[in-house]
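Report on the following structure.
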Amino acid sequence: MSQLSGALRGRESGRGGMTHAWLFTGPPGSGRSVAARAFAAALLCPRGGCGECPSCHQVQAGTHADLLLVRPDGLSYGVKQTRDLVLRAAGSPSGGRWLVVLFEDADRCTEAAANALLKAIEEPAPKTVWLLCAPSAEDLVTTVRSRCRVMTLRVPPSEDVARVLTERDGVPHEMALAAARAAQGHVGRARRLATDAEAASRRTSVLRVPVQATSVGPALAAAATLVKTAEDEAKVVTEQLDEPEREALRQAFGEGSTGKGVAKAMRGMAGAMKDLEDRQKSRATRVKRDTLDSALLELAAFYRDVLMLQFGADTASGVELANADHLDELRRLASSSSPESTLRRIQAIMRCRERLTLNVAPLLAVEEMTLSLAQG
Ligand SMILES: [Zn+2]
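Residue numbers (this note's numbering): 112 to 487.
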């Protein structure tokens with residue numbers, strides 16, 4: 112964060128030369144959007160980011176007038192949306208010194224959208240600061256990333272994640288550490304695993320796949336379970352988001368009121384509701400895909416643990432196994448198969464992930480994978 116404080120000092124001492132485009136990178140859960148938001152708060156706060164004033168609270172709540180918050184809902188962020196954003200970002204701040212655009216998941220920009228974005232960050236409005244977030248710098252086209260100052264966040268060690276869970280959420284240390292290892296540094300996921308019994312049981316069901324997939328029949332059954340588990344989890348997530356949005360829309364159109372203009376308002380609402388439902392549908396697709404992908408990464412981490420054991424890693428060697436809480440299964444698989452076959456299995460999982468991004472039907476792609484897992 113020294114780059115950040117340096118930039119802020121530059122601002123405070125009036126030296127100017129503020130960088131107008133920043134790129135926050137780090138794997139999911141590394142807190143890149145949290146860091147970007149803290150930076151936005153620091154830029155907008157009259158006291159340099161005190162965390163307590165109305166401005167800081169508004170940034171946290173996403174309601175600050177000089178903060179444009181972009182969170183792509185769907186799988187991609189289109190050129191039309193980006194042009195609208197660029198137009199709004201060209202304005203002046205209403206109160207403070209900066210107009211901050213915080214663009215989460217900027218890697219979801221389509222190529223055309225990235226080009227529209229490029230123009231805006233090449234010649235930024237004098238008081239506009241762009242904060243882009245992406246898993247890695249390579250996820251953005253070269254032309255865009257070369258114009259950004261890159262802030263790379265690393266994954267925190269399991270011990271640190273566990274400490275947060277223990278101190279902030281009151282999770283017993285042993286349990287917190289196991290959850291932190293299983294979540295591989297993803298704080299939010301570690302917290303869910305430690306505090307949400309359903310999330311923990313979904314993980315258990317994912318990790319049952321290597322044990323289950325021994326021949327064709329069980330492999331196909333395991334595939335069906337894996338896809339269904341991911342879909343169930345995605346459904347929980349989207350439902351929590353969908354209904355409040357629909358309710359807010361109904362309120363905005365004053366549903367239930369009577370009088371002149373109601374019929375017209377109702378027609379307007381039908382259109383807006385259709386738009387909202389389209390957006391929700393596209394978000395549901397994205398959440399479903401992301402959820403299945405994280406289940407596959409979990410599975411890959413399981414085989415990576417197996418590979419570590421096959422290469423002689425043990426608890427004394429200081430190698431941290433993500434699934435130390437499933438040590439028996441790991442050992443059994445490690446001793447009953449060869450490292451070559453473990454590598455082939457990991458490759459099968461990675462191929463499945465790739466096919467899913469190419470829109471292959473999830474069940475089909477996952478079945479192919481579990482059959483490869485069974486084959487070894
Ligand atoms: Zn403040």
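Where a beta carbon is used, it is the ideal one built from N, C-alpha and C, also for glycine.
Using 10 angstroms around the beta-carbon of residue i, count the other beta-carbons present and answer buried if the total reaches 16, otherwise exposed.
i, result
"V430", "exposed"
"S326", "exposed"
"M419", "buried"
"A201", "exposed"
"N470", "exposed"
"L422", "Going by the sequence as given, residue 422 is Phe instead of Leu. Exposed: under 16 other Cβ atoms inside 10 Å."
"E215", "buried"
"G296", "buried"
"P268", "exposed"
"S449", "exposed"
"S141", "buried"
"L196", "buried"
"L229", "buried"
"D416", "buried"
"S166", "buried"
"T481", "buried"
"Q362", "exposed"
"P355", "exposed"
"R443", "exposed"
"E478", "buried"
"T349", "buried"
"M112", "Residue placement at M112 cannot be trusted, given a pLDDT of 43 that sits under 50; what the coordinates show is reported in the next sentence. Exposed is the call here."
"P183", "buried"
"P157", "exposed"
"G162", "exposed"
"L198", "exposed"
"T193", "buried"
"G160", "buried"
"Q114", "Because Q114 carries a pLDDT of 48, less than 50, the predicted location of this residue cannot be relied on, and no value is offered for it."
For residue i, collect the residues of the same chain with a Cβ closer than 7 Å to its Cβ; drop the 5 residues on either side in sequence, then sort them by chain order.
i, result
"H284", "A273 and T277"
"R208", "K238"
"S116", "Its pLDDT being 48, under 50, S116 is placed unreliably by the model, and nothing is read from it."
"R464", "D404 and L407"
"R302", "L276 and D280"
"T468", "none"
"R143", "F135, T136, G137, C244 and L264"
"S203", "L210 and K238"
"V190", "T221, A223, A224 and A227"
"T402", "A341, E344 and A345"
"T254", "L229"
"R120", "The predicted model places R120 with a pLDDT of 44, which falls under 50 and marks its position as unreliable; any figure quoted below should be read in that light. There are no such residues."
"V317", "L337, T340, A406, E409 and L410"
"P473", "V338, L403 and L467"
Going by DSSP, name the residue or residues bridged to residue i.
i, result
"V240", "V211"
"L420", "In DSSP, L420 forms no bridge with anything."
"L178", "V211"
"C220", "Y188"
"A245", "T136"
Please work out which residues of its chain come closer than 6 Å, Cβ to Cβ, to residue i, disregarding the five sequence neighbours upstream and downstream, and give them in chain order.
i, result
"A118", "Note that A118 has pLDDT 48, beneath the 50 cutoff, so the model's placement of it is unreliable and the number below is only indicative. Same-chain partners within the cutoff: there are none."
"D436", "A289"
"R378", "none"
"Y55", "Past the edges of the chain, shown from 112 to 487, lies residue 55, and the structure says nothing about it."
"S393", "G185"
"V212", "L179, A200 and W241"
"Q391", "D353"
"Y188", "R219, C220 and A224"
"R260", "T130 and W133"
"E123", "Here E123 scores only 38 on pLDDT, less than 50, and its place in the model should not be relied on; the value that follows carries that caveat. Taken in chain order, the list of residues that qualify is empty."
"R147", "In the sequence as presented, Arg is not what sits at residue 147; that position holds Ala. Within the same chain, A147 has close Cβ partners F135, L213, L242 and C244."
"A176", "S205"
Could you tell me whether any non-hydrogen atom of ligand 3 is closer than 8 Å to the CB of residue i?
i, result
"Y414", "Absence of ligand 3 is noted for the structure shown, with ligand 1 being the only ligands found."
With a threshold of 8 Å on Cβ separation, who are the neighbours of residue i within its own chain once the five nearest residues in sequence on each side are excluded?
i, result
"G173", "L180"
"T491", "Residue numbering for the chain in the displayed model covers 112 to 487; residue 491 lies beyond these limits and cannot be assessed."
"A332", "Q323"
Which ranges does the beta strand (DSSP E) cover as unbroken runs of at least 3 residues, wholly within the stretch 257-340, from first to last along the chain? 260-263
Entirely enclosed beta strand (DSSP E) segments - the stretch 124-154, minimum 3 residues: 132-136
Using the beta-carbon of each residue, find all residues closer than 7 Å to any heavy atom of ligand 1 and list them in chain order. A152, C156, P157, R158, G160, C161, G162, E163, C164, S166 and C167
In chain order, which continuous runs of the alpha helix (DSSP H) of length 4 or greater are located wholly inside the stretch 418-486? 438-447, 450-468 and 473-486
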